[in-house]
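Each position in the sequence shown, counted from 1, maps to that position plus 468 in this note's numbering.
Ideal Cβ placement from N, Cα and C applies to all residues, glycine included.
Structure first, commentary second.
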Amino acid sequence: MKLLARADNFLQASIWADTLRGAGIKCELRNTALSGALGEIPFLECAPQLWLEHDKDEARAHEIMLQFRRPMAGPFWQCLSCGENSEPQFGSCWQCGATRP
Ligand SMILES: [Zn+2]
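Encoded structure:
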């Protein structure tokens, strides 16, 4: 197992994990149930963590993660199905999964 990244929140961590799994990279989220403890332990200790199951996937995983670290490429777009706003880099709604209009 290898720690790939720390996320700001559980939603972000889930999106990362789903994307890596979609690319065939096995990974695991940790620290996803500790947010209630924020303020009592150092933030980095309780931020959601994304762990790779196989170290050999690291280079590819970092490459995939780059797409999440790029600056915003345009405005948020609104889902026609549920009305939720999604970030410009996503091709489908994070909430309901509908394809971007
Ligand atoms: Zn939606």
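Beta strand (DSSP E) segment containing residue i, residue limits
i	result
W519	517-520
E496	495-498
For residue i, the nearest candidate out of the options (CA to CA)
i	options	result
P516	Q480, E555, N499	N499
R474	W519, G492, I493, A501	W519
A529	S549, R489, W562	R489
F536	T487, E521, D525	T487
L479	K494, G492, A501	A501
S482	E552, R568, M533	M533
F491	G542, A566, E531	It should be noted that the sequence gives Ala, not Phe, for residue 491. Taking only the C-alpha atoms, the option nearest A491 is E531.
W559	R568, E552, N553	The question names Trp, yet the displayed sequence has Gly at residue 559. Ranking the options by Cα distance to G559, first place goes to R568.
S549	L497, N477, C561, E555	C561
C514	N477, G565, N553	N477
Which residues DSSP lists as bridging residue i, in chain order
i	result
N477	N477 pairs with nothing; no bridge assigned.
Q546	N553
L488	Bridge partners of L488: none, in fact.
K524	DSSP, once it has assigned bridges, lists no residue as partnering K524.
L471	W519
Unbroken alpha helix (DSSP H) run spanning residue i, endpoints
i	result
E558	The question names Glu, but residue 558 is Phe in the sequence shown. Premise fails: F558 is in no alpha helix (DSSP H) and is neither H nor E.
Beta carbon of residue i nearer than 8 Å to that of residue j
i	j	result
C547	Q557	no
D523	I493	no
C495	L472	yes
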